[in-house]
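Notes follow the structure.
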Amino acid sequence: MPEIWIKEAERLGDGDIGGSMDTPSAPPRVVWHTTESGAGNAAFNAVGSYLIRAASEPHILYDPTTDRLAQYGPLNESARALRNDGSTRTNRTGRVCIQIEVLARAGKPFTDYWKPGPNFRALMRAIRSWGVPDTWPAGSCAPGASRPRSTWATRGGHYGHCHIPGNDHWDPGNIDRNAILKAAGGSGTAPQGDTSGGSSGGSSVARYKVTIGGLEYGYGAKGAHVTAVGKALVAQGCSAYQEGPGPNWTDADTRSYQKWQRKLGYSGSDADGVPGETSLKRLMGTLPGASKGASKPTVDLSNVIAAARRDPGLRQGGTTHAADVRVVEAALKAEGLLSSTYASDGSFGSTTVTAYAKWQRKCGYTGSAADGIPGKASLEKLGAKRGFKVRA
Ligand SMILES: [Zn+2]
Numbered sequence: 379m380p381e382i383w384i385k386e387a388e389r390l391g392d393g394d395i396g397g398s399m400d401t402p403s404a405p406p407r408v409v410w411h412t413t414e415s416g417a418g419n420a421a422f423n424a425v426g427s428y429l430i431r432a433a434s435e436p437h438i439l440y441d442p443t444t445d446r447l448a449q450y451g452p453l454n455e456s457a458r459a460l461r462n463d464g465s466t467r468t469n470r471t472g473r474v475c476i477q478i479e480v481l482a483r484a485g486k487p488f489t490d491y492w493k494p495g496p497n498f499r500a501l502m503r504a505i506r507s508w509g510v511p512d513t514w515p516a517g518s519c520a521p522g523a524s525r526p527r528s529t530w531a532t533r534g535g536h537y538g539h540c541h542i543p544g545n546d547h548w549d550p551g552n553i554d555r556n557a558i559l560k561a562a563g564g565s566g567t568a569p570q571g572d573t574s575g576g577s578s579g580g581s582s583v584a585r586y587k588v589t590i591g592g593l594e595y596g597y598g599a600k601g602a603h604v605t606a607v608g609k610a611l612v613a614q615g616c617s618a619y620q621e622g623p624g625p626n627w628t629d630a631d632t633r634s635y636q637k638w639q640r641k642l643g644y645s646g647s648d649a650d651g652v653p654g655e656t657s658l659k660r661l662m663g664t665l666p667g668a669s670k671g672a673s674k675p676t677v678d679l680s681n682v683i684a685a686a687r688r689d690p691g692l693r694q695g696g697t698t699h700a701a702d703v704r705v706v707e708a709a710l711k712a713e714g715l716l717s718s719t720y721a722s723d724g725s726f727g728s729t730t731v732t733a734y735a736k737w738q739r740k741c742g743y744t745g746s747a748a749d750g751i752p753g754k755a756s757l758e759k760l761g762a763k764r765g766f767k768v769r770a
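Residue numbers for the sequence shown follow the numbering used here, so the first one is 379 and each next one is one higher.
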């Protein structure tokens, strides 16, 4: 089975970055980028959210120095890190076009100093699950690489941003192309989904987060509610803890929760250790957070900006950051700036942009400061008046 979400990857954003492929019968491919930044967790977090604000998300963000791996969107849909080649949407070329931003600089090839680990192997396993061949059809990524249009249209394999027609970036620089393929381990025809490969058991722990009743669960989540779940798991005899649970959700929490899911009779991906609403309700007796109906909703500024900036013509199947957008739409309606026809569609289309521009002018902004794309100050003002908080 092709992998759509890599279970070892953390998740970034709301999981909605693109749409269906334009040429799904063309061979599958991968595009490597570098972020032109440093590496390490601070850079990872900063670049990770910057790419959302810039609406330029790849599928994958990878730190070559720590083996940290995160995923923005499903591998079977497009990402947004490439420019179009005239009318050809390069982001949507192929069965899949998996784009990876590596925290590195093109001028200093990351394969000279990287430390690929279990997460890199998981990434390559997912890439191979789509049938991407272990080849570099456009050759070297050294400066001066060419951008052969017919190769890109017809051949599967690994490319650099430097190879893509209609683009002018030169990343990822002169990386060792064979080192990328070698570090994957196994062979290009290895059965997908096989994580054994001699790697540590740690690589098979799910590392994504879910939001239930307004609270986050899963790797990286934190708070008193995480501690409460841990204590309940211990009470149920489902402990994989070396030390006391909470307040940070670690792999031990995931492993403990997995025991609980199995106890309830779940198996396979239903028992991956990341809570679902039903199992959580049964563990805690009631759904934590859900009763706080009176508390103010929170709107994520970068989500709303990304939604408003997205070309409506690119929107396919559903909406972007709909939960955040609905809160803003309701507030605009309450201000008498948006008709009820559009007030709850969760889509920040041109009508909502126009309505928001009116709000900005109401706030005293003019010209490009009243372009209908939310800014922090105007959004906070709207929230203060209409009952939502802004996370910036
Ligand atoms: Zn790039």
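Backbone N, C-alpha and C fix where the C-beta goes; we use that ideal spot for every residue, glycine too.
Checklist entry - Going by C-alpha distance, which of Thr466, Gly451, Ile553 is nearest Asn545? => result For Asn545, the nearest C-alpha among the options comes from Thr466.
Next on the checklist: Taking 6 Å as the limit between beta carbons, can you name the residues of its chain near Gln639, skipping five residues before and five after?
Outcome noted: Answer for Gln639: Ala649, Ser657, listed in chain order.
Checklist entry - Considering only C-alpha positions, which residue in the set Ser718, Gly724, Lys763, Ser725 is nearest to Trp737? => result Checking every option, the nearest Cα to that of Trp737 belongs to Lys763.
Checklist entry - Among all the DSSP beta bridges, which residues are the ones paired with Lys767? => result According to DSSP, Lys767 bridges with Thr676.
Checklist entry - If you count every other CB in all the chains shown that lies within 10 Å of the CB of Gly534, and 16 or more means buried, which is it? => result Under the 10 Å beta carbon count, Gly534 is surrounded by 16 or more other beta carbons and is classified as buried.
Next on the checklist: Buried or exposed, going by whether 16 or more other CB atoms sit within 10 Å of the CB of Lys385?
Outcome noted: With 16 or more other Cβ atoms within 10 Å, it is buried.
Checklist entry - Where DSSP assigns a beta bridge to Val480, which residues make up the other side? => result Note: Val480 sits in a beta bridge opposite Thr412, Tyr440.
Checklist entry - So, helix, strand or coil for Tyr537, using DSSP? => result Strand at Tyr537.
Checklist entry - Taking the continuous beta strand (DSSP E) assigned at Glu771, which residues delimit it? => result It is not possible to answer for residue 771, since the shown part of the chain is limited to 379 through 770.
Item to check | Complete beta strand (DSSP E) runs within the stretch 465 to 535 (minimum length 3 residues, chain order) | outcome: DSSP runs (the beta strand (DSSP E)) wholly in the stretch 465 to 535: 475 to 480.
Next on the checklist: Taking 7 Å as the cut-off, is the beta-carbon of Ala459 closer than that to any non-hydrogen atom of ligand 1?
Outcome noted: Yes, the beta carbon of Ala459 sits closer than 7 Å to at least one heavy atom of ligand 1.
Checklist entry - CA-CA distance, Ile485 and Ala561? => result Note that residue 485 corresponds to Gly in the displayed sequence, not to Ile. If I take the Cα positions, the gap works out to 21 Å.
Next on the checklist: Tell me which residue opens and which closes the alpha helix (DSSP H) that Glu655 is part of.
Outcome noted: It spans 655 to 662 - the alpha helix (DSSP H) in which Glu655 sits, taken as one unbroken run.
Next on the checklist: For Gly397 and Glu455, which I take to be in contact (beta-carbon distance under 8 Å), what is that distance rounded to the nearest angstrom?
Outcome noted: The beta carbons of Gly397 and Glu455 sit about 6 Å from each other, so the pair counts as a contact at 8 Å.
Checklist entry - In terms of alpha-carbon separation, which member of Val607, Ala708, Pro406, Thr605 lies closest to Arg473? => result If we check each option's Cα against that of Arg473, Pro406 comes out closest.
Checklist entry - Do you know how far the Cα of Ser717 is from the Cα of Leu447? => result Straight-line Cα distance between these residues: approximately 43 Å.
Checklist entry - Whole-angstrom Cβ separation of Tyr595 and Trp627, contact assumed at under 8 Å? => result With a Cβ gap of about 7 Å, Tyr595 and Trp627 count as contacting.
Checklist entry - Closer than 5 Å from C-beta to any heavy atom of ligand 1: which residues, in chain order? => result Listed by position in the chain, the residues whose beta carbon lies within less than 5 Å of some heavy atom of ligand 1 are His411, His539, His547, Asp549.
Item to check | Separation of Gly727 from Lys759, as counted between CA atoms | outcome: In a straight line, the C-alpha of Lys759 is about 21 Å away from that of Gly727.
Item to check | Status (buried if at least 16 other CB within 10 Å, exposed otherwise) for Ile769 | outcome: Note on residue identity: the sequence assigns Arg, not Ile, to residue 769. Exposed, since its Cβ has fewer than 16 Cβ neighbours within 10 Å.
Checklist entry - Glu381: buried (16+ other C-beta within 10 angstroms of its C-beta) or exposed? => result The residue is buried, with at least 16 neighbouring Cβ atoms inside 10 Å.
Item to check | Start-to-end residues for the alpha helix (DSSP H) that takes in Ala630 | outcome: Unbroken alpha helix (DSSP H) run through Ala630: 629 to 641.
Next on the checklist: If contact is defined by three or more beta carbon pairs under 8 Å, each pair taking one atom from either stretch, is the stretch 430 to 439 in contact with the stretch 676 to 688?
Outcome noted: Counting Cβ pairs under 8 Å, three or more are found: they touch.
Checklist entry - Tell me the DSSP bridge mates of Leu447? => result Answer is Tyr440.
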